[in-house]
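Residue numbers (the numbering used here), protein chains in the order written: chain A, 1 to 391; chain B, 392 to 482.
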């Protein structure tokens, strides 16, 4: 009798445990189903970008500027394929301007080679490709020759590119890019005589059968990867086909250097950036600006360069001081003096930045620009207060 | 003629580059192993901008940003993977 009671109790306990286990399993299954609803897929869409606005005072005028917004759309189709696109929305002369900065897809062929197709930022030096976004550029303005208005060298073009990086010896790296693009086109002056001989880089439909070849090699010779030296080139025909300029070619060269280092005794990070661009276009005869039959020619060589140094005392104890950054930049633009659009300019720029966090900055800048090929050497002074953020 | 010379000048570095690429592939893995994700994050990001805070984005977002920055900053796949793993661990 006693054993019977014990057996019944054990049986009851077994039933209860089994029931409880079954209930737990059901709960776990339900929970799994719920979690699976939120399981990320292999494709991901991400919106990033940057924005800026500010106030600028130039000689006797002052104006609020910017309100620009650059959304970057990233679509990660898989671990092998990425689509990226950037729009630039800004106000210019009272109008809303929308530009497609780039739109391309990248396929990762292997660890060292990536294939890119579409409109992409050209690795001609580093400024246009890596440093131009407002929250990355340490000063409120671009160096001379690196602006849309006076551009010496390409910023973005349509074509195909192979790029990547690899180590050549322990902890020394090389990165590279080789591309084939539509290339710039030559303004032959037939419609705009004042711009005869000028290269236009927004050539998104080619003006001839020739494709422009280019590339950049970047070397990081130090083990701590603080120094990068790059050499870039771009070569191609720029004249319109079936015109007297169809054989006019352009050769573009660039050298860039970057050195970023923590200096312990200064408790600061120093950042040195420099780039030199040169554009050579074959000689050609252009129509005079006043519409006369007479032709003229000139040595069509343009140069632009800058050197910039910034110091950020990020490791000092004072919280306000540690968020500050001090910047100085010298830049020069040399356009062919015998061209209608010829010019020589020199600019000194200085700035103090306050970083609210790693991607939000308030920039206070002063720059003085002088036109050096004119007798009176007119000077333009500007004060700028900008707020920029990346997101 | 001048143009042909320039093209030749372009092809020479490309050929050197291709040779280096082939010879370097075997040593690349060993070299990449030496640096941690945190080291690469501290060295590569600051060449252009401040090093990003790991807490800014989620794991999935870092995966996508890792791919984007692998292209933009010309990182090797090993470097990009290590940085993303570090950011995912630290966020």
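Here a beta-carbon is modelled for each residue, glycine too, at the ideal position from N, C-alpha and C. This structure is a prediction, so every number in the text was calculated from the model and none was measured.
- Query: Mapping DSSP to helix, strand and coil, what is residue 315/A?
  - Reply: Residue 315/A falls in the coil class under three-state DSSP.
- Return the residues of the stretch 455 to 468 of chain B that lie within a Cβ-Cβ distance of less than 8 Å from chain A, sorted by chain order. Cβ contacts with chain A: 455, 456, 458, 459, 461, 462, 463, 464, 465, 466, 467, 468.
- Item | Endpoints, the alpha helix (DSSP H) within which residue 132/A is located | Unbroken run through residue 132/A: none, as it is neither H nor E.
- Determine which residues of the stretch 159 to 177 of chain A have a Cβ less than 9 Å from any Cβ of chain B, and write them out in chain order. 163, 164, 165, 166, 167, 168, 169, 170, 171, 172, 173, 174, 175, 176, 177
- Query: Given that a residue counts as buried once 16 or more other Cβ atoms are within 10 Å of its Cβ, and exposed if not, what is residue 417/B?
  - Reply: Residue placement at residue 417/B cannot be trusted, given a pLDDT of 45 that sits under 50; what the coordinates show is reported in the next sentence. With fewer than 16 Cβ atoms within 10 Å of its Cβ, residue 417/B is classed as exposed.
- Query: At a Cβ cut of 9 Å, what residues of the stretch 327 to 338 of chain A count as close to chain B, listed as they run along the chain?
  - Reply: none
- Query: Does the pairing of the stretch 141 to 154 of chain A with the stretch 303 to 320 of chain A give three or more beta-carbon distances under 8 Å?
  - Reply: yes
- DSSP three-state call for residue 364/A: helix, strand or coil? strand
- Take every Cβ of the stretch 161 to 168 of chain A, pair it with every Cβ of the stretch 457 to 469 of chain B, and state whether three or more of those distances are shorter than 8 Å. Yes, the stretch 161 to 168 of chain A touches the stretch 457 to 469 of chain B.
- Quick one: give me the first and last residue of the beta strand (DSSP E) that residue 275/A is part of. Segment 268 to 281, the beta strand (DSSP E) holding residue 275/A.
- Members of the stretch 132 to 160 of chain A near chain B, C-beta cut-off 9 Å: Of all residues in the stretch 132 to 160 of chain A, only 133, 135, 136 come within less than 9 Å of chain B when Cβ atoms are compared, listed by chain position.
- Item | chain A residues whose Cβ lies nearer than 7 Å to that of residue 374/B | The question about residue 374/B has no answer, for chain B in this structure spans 392 to 482.
- Query: Do the stretch 132 to 140 of chain A and the stretch 359 to 368 of chain A make contact, defined as three or more Cβ pairs closer than 8 Å?
  - Reply: yes
- Span of the alpha helix (DSSP H), counted from its first residue to its last, around residue 463/B: 450 to 463
- Query: Is residue 154/A helix, strand or coil by DSSP?
  - Reply: coil
- Answer yes or no: does any C-beta atom of chain B fall closer than 8 Å to that of residue 68/A? no
- Query: If you drop the 5 nearest sequence neighbours on each side, which residues of the same chain put their C-beta closer than 6 Å to that of residue 385/A?
  - Reply: 54, 55, 364
- Message: To be precise: take each residue of the stretch 66 to 100 of chain A, compare its Cβ to all Cβ atoms of chain E, and keep it if any distance is under 7 Å. Which residues remain?
- Response: No chain E appears in this structure, whose protein chains are A and B.
- Item | Residue burial classification, residue 38/A (beta-carbon count within 10 angstroms, cutoff 16) | Looking at its Cβ environment, which holds fewer than 16 other Cβ atoms inside 10 Å, residue 38/A is exposed.
- Message: Which residue marks the beginning of the alpha helix (DSSP H) containing residue 480/B, and which one marks its end?
- Response: 468 to 481
- Do residue 73/A and residue 47/A have their CB atoms nearer than 8 Å? yes
- Chain-ordered chain B contacts of residue 276/A [CB-CB under 9 Å]: Ordered by position in chain B, no residue passes the 9 Å Cβ test against residue 276/A, which lies about 17 Å from the chain.
- Message: Any beta carbon from chain A within less than 8 Å of residue 416/B's own beta carbon?
- Response: Since pLDDT at residue 416/B reaches only 48, below the 50 mark, its modelled position is unreliable, and no value is offered.
- Go ahead and pull the three-state DSSP assignment for residue 355/A. In this structure, residue 355/A counts as strand in the three-state DSSP scheme.
- Item | Short CB-CB distance (under 8 Å) between residue 218/A and chain B | yes
- Query: Would you call the stretch 177 to 197 of chain A and the stretch 313 to 331 of chain A in contact, with 3 or more CB pairs under 8 Å?
  - Reply: no
- For residue 45/A, which residues from the same chain have a beta carbon less than 6 Å from its beta carbon, with the 5 sequence-adjacent residues on both sides left out? 75
- Query: Hey, would you say residue 87/A sits closer than 8 Å to residue 97/A, going by beta carbons?
  - Reply: No, they are not a contact pair.
- Quick one: list the residues of chain A neighbouring residue 444/B, beta-carbon separation under 9 Å, in chain order. 357, 358, 359
- Message: My output table needs one value for residue 414/B: the three-state DSSP class, helix, strand or coil.
- Response: In this predicted model, residue 414/B has a pLDDT of only 49, less than 50, meaning its place in the structure is not dependable; the value taken from the coordinates is given anyway. Looking at residue 414/B - three-state DSSP - the assignment turns out to be helix.
- Task: Can you give me the Cβ contacts of residue 390/A inside the same chain, cut-off strictly under 6 Å, excluding the 5 residues immediately before and after it?
- Result: 50, 135, 359
- Where the alpha helix (DSSP H) containing residue 145/A begins and where it ends: Note, residue 145/A: premise wrong, no alpha helix (DSSP H); not H, not E.
- 8 Å CB neighbourhood of residue 221/A in its chain, flanking five on each side removed: Apart from the 5 residues on each side of it in sequence, residue 221/A sits with its Cβ closer than 8 Å to the Cβ of 172, 227, 229 in its chain, given in chain order.
- Cutoff 8 Å; reference residue 444/B; Cβ partners in own chain excluding five residues on either side: none
- Could you say if the stretch 198 to 213 of chain A and the stretch 254 to 274 of chain A meet the contact criterion of at least three C-beta pairs nearer than 8 Å? no
- Range covered by the alpha helix (DSSP H) that runs through residue 429/B: Residue 429/B -> alpha helix (DSSP H) spans 428 to 435.
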